Amino acid sequence: MPTVGQYLLFTIAAFLIWRGFVLLPGRGNAEETAQKRKTFYIILTIVMLAVAAAFWYLYLAFENVHYN
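Each residue of the sequence shown is one higher than the one before, counting from 145 in our numbering.
Pasting the structure below:
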């Protein structure tokens with residue numbers, strides 16, 4: 145069973161990989177690119193929080209089964 149640290153490292157690694165591949169140099173004017181990047185970061189933050197919450201839920205569920 146993975147530890148909390150491994151879940152945390154996986155989540156951070158997934159974020160960095162996603163950020164590296166998705167945030168490519170934008171085309172068009174700077175304001176439009178900045179707005180798209182801001183929107184992307186808001187969506188990314190929500191998604192990463194949902195992923196982290198899912199990992200925590202699974203971790204707590206498996207720990208509960210393990211100890212009972």
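Glycine included, every Cβ here is placed at the ideal spot set by N, Cα and C. Treat the numbers as computed from the prediction; the structure is a model and nothing was measured.
Beta-carbon within less than 8 Å of residue i's beta-carbon, same chain only, minus the 5 sequence neighbours each way: which residues are those?
| i | result |
| --- | --- |
| L160 | none |
Going by Cα to Cα distance, which pick from the options is closest to residue i?
| i | options | result |
| --- | --- | --- |
| T155 | W200, A178, L204 | W200 |
| A158 | L204, N208, V191 | V191 |
Within the same chain, show all residues whose beta-carbon is closer than 6 Å to that of residue i, passing over the 5 residues directly before and after it, in chain order.
| i | result |
| --- | --- |
| N196 | The sequence given here places Ala at residue 196; Asn does not occur at that position. For A196, where only same-chain residues beyond five positions count, the Cβ hits under 6 Å are T155. |
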